[in-house]
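One structure below.
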Amino acid sequence: MWYPDGGGLTAEQRRRREEVRVRAVDLGASIMPSHPTERVTGTLRHVSE
């Protein structure tokens with residue numbers, strides 16, 4: 860997310876926000892499956908069923 864005025868934060872607060880954002884992305888990458896079909900659960904059904 861980008862804020863034209865820095866989001867009203869100081870340089871230190873922006874640095875901290877970016878650090879938290881990067882950690883969240885890393886955490887999400889470590890728990891998400893590498894292939895989208897690994898997340899799909901349930902049974903397959905034909906559209907007309």
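Going by my numbering, the first residue of the sequence shown is number 860, and it counts up by one from there.
We put the CB at the ideal spot given by N, CA and C, even for glycine.
The structure displayed is predicted, hence computed values, not measured ones.
Secondary structure at arginine 904: coil, using DSSP grouped into helix, strand and coil. When secondary structure is reduced to three states using DSSP, leucine 886 falls in the helix class. Per the coordinates, the alpha-carbon of glycine 887 lies some 21 Å from the alpha-carbon of arginine 873. In this structure, arginine 880 keeps its C-beta atom at 8 Å or more from the C-beta atom of leucine 868.
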